[in-house]
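**Student:** I'd like to ask some things about the structure below.
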Amino acid sequence: MSYAKRDEDSGDVNVFSQINKSTVLQEARAFNDSPINVRKCRLLLTKIVYLLSLGEPFNAQEATDLFFNVIKLFQSKDTSLRQMMYLVIKELSGIAQDVIMVTQSLIKDIQSKQETIYRANAIRALCLITDPSMIQGIERIIKASIVDKNPSVSGAALVSSYHLFGASKEIVRRWATEVQEAAYAKQSSGFASAASSYITSFGGSSQQNQAVISTSGIAQYHAIGLLYLIRQQDRMAIAKLVQTFSGSGRGGNSGTLKNPAAVCILIRYACKVMEDEPGSTRRIYELLEGYLRHKSDMVNLEAARAICEMKDASAKELYPAISVLQLFLSSPKPTLRFAAIRILNALALSKPSAVSPCNLDIENLVSDQNRSIATFAITTLLKTGNEASVDRLMKQISSFMGEISDEFKVIVVEAIRSLCMKFPNKQAVMLNFLSGVLRDEGGYEFKKAVVEAIFDMVRHIPESKDAALSYLCEFIEDCEFTKLSVRVLHMLGTEGPKTPTPTKYIRYIYNRVILENSIIRGAAVSALAKFGTNCPDASVKQSVKVLLARCQDDVDDEVRDRATLALEMMKNDQLAKLYSVDDSTFALPILERELVEYVNLGSNNTKAFNLSSVPVISKSQEEEERRRNRPQDLTTVATASPHPSSTPATPQADHKSNSQLDQQAAYADALAAIPEIAAFGALFKSSAKIEVTESETEYAVHCIKHTFAKHIVFQFNCVNTLNDQLLEDVEMIMQIDDEEAGLVRVLEIPAPKLEYDIPGQIYVAYEREDVDDFPIASFTNTLKFVIKDCDPTTGEPDEEGYEDEYQVEEIDLLTSDYIRPTYVSNFEEEFQAFAEGEAIETLALDREKAPSLQAACTAIIDLLGMQPLDDTSLPRNPNVHTLIMAGTFLTGEKVLARCRMTFNSSSGVAFEMSVRSEDATISQIVLSAIA
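For reference, each letter of the sequence shown is one residue, going 23 to 953 in the numbering used here.
Right under this line is the structure:
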């Protein structure tokens, strides 16, 4: 029934325009009328919902009075009015008091033998108003509703159980049998026909009727989600769930589930099983391949997406999924075309060769009326196309760049940035395109993406440097974003002095000093300073001096100070080398953490801040870390729409990776929170994770070694993978192979308990007896604990337990644990300065240990734990190579190493290792790590 026409005829165009809370509360007396005016009460309930949706504040008394007025509508037999009443009851239940009084009325509706549409609403309202402590009282009703033959009732009970799980896990777990029965239940055609009649009575279309009929089995979807929630702590149970409901999977329709959404969520759980159990990969792949032939497009797409996201999938394994997606590319439905091209776009990032056979179909989508589809088509072609197709693709891109939003423009620019690195010979075409879109209208994120793409071309494609820098100079002439102007000026100052004609960039930079705000003027002065200190041409230096002298009259004090400092650096070569030419910088995450700790000590600081404790890295390393953490694929920005089968039951993985320095800072923060370990002082170094158990064993353990000034801390991260056991008083018994090594155990912190799949930490610390001794030792390790058997369903442990042990692999304390990687800007100069502290030896690695120079470099770097410099970790010549490294020893001395090596196919690698330091003893200790 619709009231739109009637209201328009009466002149009341908008019934909500004059609504206020006081009027609604007064009108609520209409609920007491006898007989009940159905139309008036429905309109009044609509007003209440409208006020609640606007966040109109109802105090507890007002909400309570309104609630008890509304529940008088239980006496009405009008279905539509009762549905509105249930909605208002649910909305008021969180504010009103004594809402539990309506329980019996709701139960009566639920148990009604009539197949009325409001039974499901009564279940939802009952579960919402029931206190968690009273859920047991309605348990029988909910269990009966879960297995009800009416899918709407069953679905409402399942969804309500899903929400009740957080408050009453143990009670809901007891409903597993009923939930499984609901998942197996056949679909009720009666519900579909009843719902169809209901929609028709309200003027619904035949398409809406068909949609209801096709989704009448949605209870299966809810049942599978609830089963997963109940069993999620048991890997074996999840694997059995997937196996049970998938059937054989061949042909895609042989499983128990008929609802497409239920099959989609089962596919996601199958992928979770594949992640947790690598041995099941083949079986799960066969299941997914079978679902590619399912009659539902939704299932086909979900299965194809799952196969395309499989790790290490071969081209043969990807072929069936890509074939299905290729068919969808020519579908008349825009949603299918969009979904297919989005999956292929993501796959093209890692396996462009697998997607390239679809390029012909993808090219047809470039002219698609849906610009989102066209954008994904273009970016996919950019990732998969060959060098010959670049010119044609760039023309196609230019034709629709003005028609898409900034979010999609960013995606296109990111794809072009990757293409620049792939085909450097086409840099002129792509640079012209980037410079063109840089002149177009756009927001900050779009312009930033274009500028970053040009920066990458400057750094990695030398032939494009002059043209790229010229385009950047033109851009800052009319740039509306201060941050981008500063970034461009920094790039000009860094790369401009290296060009054959640096003077043409100085004019653009000095224009910024005259025309821009103080922030940009300061950046321009710093850029000019780099020209003055780095350009070998004396005439350029003299011109820069004149310009910097003028900057000393600037109205802003920072601009004047920068100009003064720059002039002094130009007079003093040593000062310039230290502050302008040097390519090193501090590891900012660690520097930030240590500065915060130092400031927090306040008046307790007895010493000056020790800057030598902060690792030094190259600026290129810093840039590489920033680039690694920058999103490479921004498609999620433009495709943040929910998946049709999304559900809270599927855990979302966090794929964001932290840099090594960020990880070091995180370890330091975690250790500082433990008072016993915080007393050891500042953390010097943390090792990478060392697996000490197999990946598929009942207890997963890995170790991290933390080095302090006088202590070594072994951190064991442990996971109990058995859902029927609880481990308590978990400790690691470490036995050193050499009792005379000079290591004394001073601290043991066991894990109080290890619950199923919840990580725990064990700490064992050793102290070096002699501060001048740096022992190397091996430890045998045994995990000792008390086992208590648990009920796999409820997780309740037995009161009594028994002691047990579990042997894990040995751990070695190595020389590399006393060395921290460090960057040095001028290796040869510093290597010569340490000539007196040299230790040198000629050694060899046989062909089995080092089948190539690359393998030898990797092995030596791992043994010494030092920082390879100048890309020497990647040999250019297969027969002769020199590896140079730098590090800082635990005592603070800088250590440098040079390894000259040759490779012979029959004998392996022979090399001369020269280690130098301020202290010859330190050099000998480092050399002994290999000798």
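Every residue, glycine too, gets a C-beta built ideally from N, C-alpha and C.
Looking only at its own chain, which residues have a Cβ that is under 6 Å from the Cβ of S545, when we skip the five neighbours before and after it?
**Tutor:** What you label residue 545 is simply residue 523 of the sequence shown in a count that begins at 1. One point to set straight first is that residue 545 is Ala, not Ser, in the sequence displayed. Contacts found: V508 and L511.
**Student:** My output table needs one value for V659: the three-state DSSP class, helix, strand or coil.
**Tutor:** Along the sequence shown, read from residue 1 onward, the residue named residue 659 stands at position 637. Since pLDDT at V659 reaches only 31, below the 50 mark, its modelled position is unreliable, and no value is offered.
**Student:** How is Q889 classed by DSSP in three states: helix, strand or coil?
**Tutor:** On the sequence shown, position 867 is the one that residue 889 refers to. Three-state result, Q889: strand.
**Student:** I need the DSSP call for R869, collapsed to helix, strand or coil.
**Tutor:** Here residue 869 is taken as the residue at index 847 of the sequence shown, counted from 1. Reduced to three states, the DSSP call for R869 is coil.
**Student:** Measuring only the C-alpha atoms, how far is C879 from A951?
**Tutor:** Here residue 879 refers to the residue found at position 857 of the sequence shown. Here residue 951 refers to the residue found at position 929 of the sequence shown. C879 and A951: Cα-Cα distance of roughly 15 Å.
**Student:** Rounding to the nearest angstrom, what Cα-Cα distance links A261 and M296 in this structure?
**Tutor:** In the sequence shown, the residue the question calls residue 261 occupies position 239. In the sequence shown, the residue the question calls residue 296 occupies position 274. Their backbone Cα atoms lie some 9 Å apart in a straight line.
**Student:** For R584, which residues of its own chain have a beta-carbon under 8 Å away from its beta-carbon, when the five flanking residues on both sides are left out?
**Tutor:** The sequence position of residue 584 within the sequence shown is 562, counting from 1. Only G544, V547, S548, A551 and C573 meet the Cβ criterion.
**Student:** Of the residues L387, E590, N59 and T719, which one's Cα is nearest the Cα of F422?
**Tutor:** Along the sequence shown, read from residue 1 onward, the residue named residue 422 stands at position 400. Per the Cα distances, L387.
**Student:** Considering only DSSP beta bridges, list what L349 is partnered with.
**Tutor:** If you number the sequence shown from 1, residue 349 lands on position 327. None, per the DSSP bridge assignment.
**Student:** In the segment 307-371, which residue ranges form an unbroken alpha helix (DSSP H) of at least 4 residues, counting only runs that do not cross its ends?
**Tutor:** Fully enclosed alpha helix (DSSP H) runs of 4 or longer: 319-330 and 337-350.
**Student:** Assign Q686 to buried or exposed, taking buried as 16 or more other Cβ atoms, counted over all protein chains shown, within 10 Å of its Cβ.
**Tutor:** Locating residue 686 in the sequence shown gives position 664, where the first residue counts as 1. The residue in question, Q686, is buried, as its Cβ has 16 or more Cβ neighbours within 10 Å.
**Student:** Among G239, S378, L749 and I780, which has the Cα closest to the Cα of G823?
**Tutor:** Start at 1 with the first residue of the sequence shown, and residue 823 comes out as number 801. Of the listed residues, the one whose Cα sits closest to G823 is L749.
**Student:** How long is the line joining the alpha carbons of I536 and L506, rounded to whole angstroms?
**Tutor:** Mapped onto the sequence shown, residue 536 falls at position 514. Mapped onto the sequence shown, residue 506 falls at position 484. The alpha-carbon atoms of I536 and L506 are separated by roughly 18 Å.
**Student:** Below 8 Å, can you find three or more Cβ-Cβ pairs linking the segment 201-208 to the segment 138-156?
**Tutor:** No: the two stretches stay apart, fewer than three of their Cβ pairs being nearer than 8 Å.
**Student:** One question on the structure: do F267 and I289 come within less than 8 Å of each other, judged by their Cβ atoms?
**Tutor:** Here residue 267 corresponds to residue number 245 of the sequence shown, with the count starting at 1. Here residue 289 corresponds to residue number 267 of the sequence shown, with the count starting at 1. Not a contact, by the Cβ cut-off of 8 Å.
**Student:** Is it buried or exposed, Q242, if we count other Cβ atoms within 10 angstroms and call 16 or more buried?
**Tutor:** Along the sequence shown, read from residue 1 onward, the residue named residue 242 stands at position 220. That one is buried.
**Student:** Quick check: the segment 160-168 against the segment 144-151, are there 3 or more CB pairs under 8 Å?
**Tutor:** With a cut-off of 8 Å, the segment 144-151 and the segment 160-168 count as touching, because enough Cβ pairs lie within range.
**Student:** Could you tell me which uninterrupted alpha helix (DSSP H) segments, each at least 4 residues in length, are contained entirely in the segment 80-114, listed from first to last along the chain?
**Tutor:** Complete alpha helix (DSSP H) runs here, min 4: 82-92 and 101-114.
**Student:** For G930, list the residues DSSP reports as bridge partners.
**Tutor:** In the sequence shown, the residue the question calls residue 930 occupies position 908. G930 is bridged to N926.
**Student:** Per DSSP, what are the beta-bridge partners of I240 in this structure?
**Tutor:** As a position in the sequence shown, residue 240 is number 218, starting the count at 1. In DSSP, I240 forms no bridge with anything.
**Student:** Where does A942 sit, in a helix, a strand or coil, going by DSSP?
**Tutor:** Indexing the sequence shown from 1 puts residue 942 at position 920. DSSP places A942 in helix when its eight states are reduced to three.
**Student:** Determine, for V194, whether the minimum Cβ-Cβ distance to residues of chain B falls below 8 Å.
**Tutor:** Checking the listed chains, one finds no chain B in this structure; it contains a single protein chain.
**Student:** Measure the Cβ-Cβ separation of L769 and E852 and say whether it is below 8 Å.
**Tutor:** By one-based count along the sequence shown, residue 769 stands at place 747. By one-based count along the sequence shown, residue 852 stands at place 830. Cβ distance not < 8 Å, so L769 and E852 don't count as in contact.
**Student:** Since Y824 is in the beta strand (DSSP E), which residue starts that stretch and which ends it?
**Tutor:** Reading the sequence shown from its first residue, position 802 is the one you call residue 824. Counting along the chain, the beta strand (DSSP E) containing Y824 begins and ends at Y824 to L835.
**Student:** I'd like the span of the alpha helix (DSSP H) that includes S389, first residue to last.
**Tutor:** Within the sequence shown, the letter at position 367 stands for residue 389. First-last for S389: undefined, no H or E at that position.
**Student:** Please confirm if the segment 725-736 is in contact with the segment 783-791, defined as three or more CB-CB distances below 8 Å between the two stretches.
**Tutor:** Touching, yes.
**Student:** What are the start and end residues of the beta strand (DSSP E) that includes F267?
**Tutor:** In the sequence shown, the residue the question calls residue 267 occupies position 245. Element bounds for F267: not the beta strand (DSSP E) but the alpha helix (DSSP H), R257 to S268.
**Student:** To the nearest angstrom, how far is the alpha carbon of V377 from that of S895?
**Tutor:** The residue labelled residue 377 in the question sits at position 355 within the sequence shown. The residue labelled residue 895 in the question sits at position 873 within the sequence shown. Cα to Cα, the separation comes out at about 33 Å.
**Student:** Relative to the alpha-carbon of L88, which residue among M106, C63 and L114 has its alpha-carbon at the smallest distance?
**Tutor:** Against the sequence shown, residue 88 aligns to sequence position 66. Checking every option, the nearest Cα to that of L88 belongs to L114.
**Student:** Exposed or buried, what is T402 when buried is set at 16 or more other beta-carbons lying within 10 Å of its beta-carbon?
**Tutor:** Locating residue 402 in the sequence shown gives position 380, where the first residue counts as 1. So T402 ends up on the buried side.
**Student:** Determine whether the beta carbon atoms of D383 and S352 lie at a separation below 8 Å.
**Tutor:** Taking the first residue of the sequence shown as 1, we reach residue 383 at position 361. Taking the first residue of the sequence shown as 1, we reach residue 352 at position 330. Their beta carbons are under 8 Å apart, which means D383 touches S352 by this criterion.
**Student:** Check whether the Cβ atoms of T844 and A908 sit closer than 8 Å, and answer yes or no.
**Tutor:** One-based indexing of the sequence shown puts residue 844 at position 822. One-based indexing of the sequence shown puts residue 908 at position 886. Contact flag set, yes.
**Student:** With 16 as the cutoff for other CB atoms within 10 Å, does E311 come out buried or exposed?
**Tutor:** Within the sequence shown, the letter at position 289 stands for residue 311. E311 should be labelled buried.
**Student:** Nearest CA to the CA of D131: which residue from M156, I883 and S98?
**Tutor:** Working through the sequence shown from its first residue, we reach residue 131 at position 109. Of M156, I883 and S98, the residue nearest in Cα terms is S98.
**Student:** Compute the distance between the beta-carbons of R414 and D478, then report whether it is under 8 Å.
**Tutor:** On the sequence shown, position 392 is the one that residue 414 refers to. On the sequence shown, position 456 is the one that residue 478 refers to. No, they are not a contact pair.
**Student:** Taking the alpha helix (DSSP H) that C442 falls in, what are its first and last residues?
**Tutor:** Residue mapping note: residue 442 aligns to position 420 of the sequence shown, counting from 1. D428 to K444 is the span of the alpha helix (DSSP H), which, as asked, contains C442.
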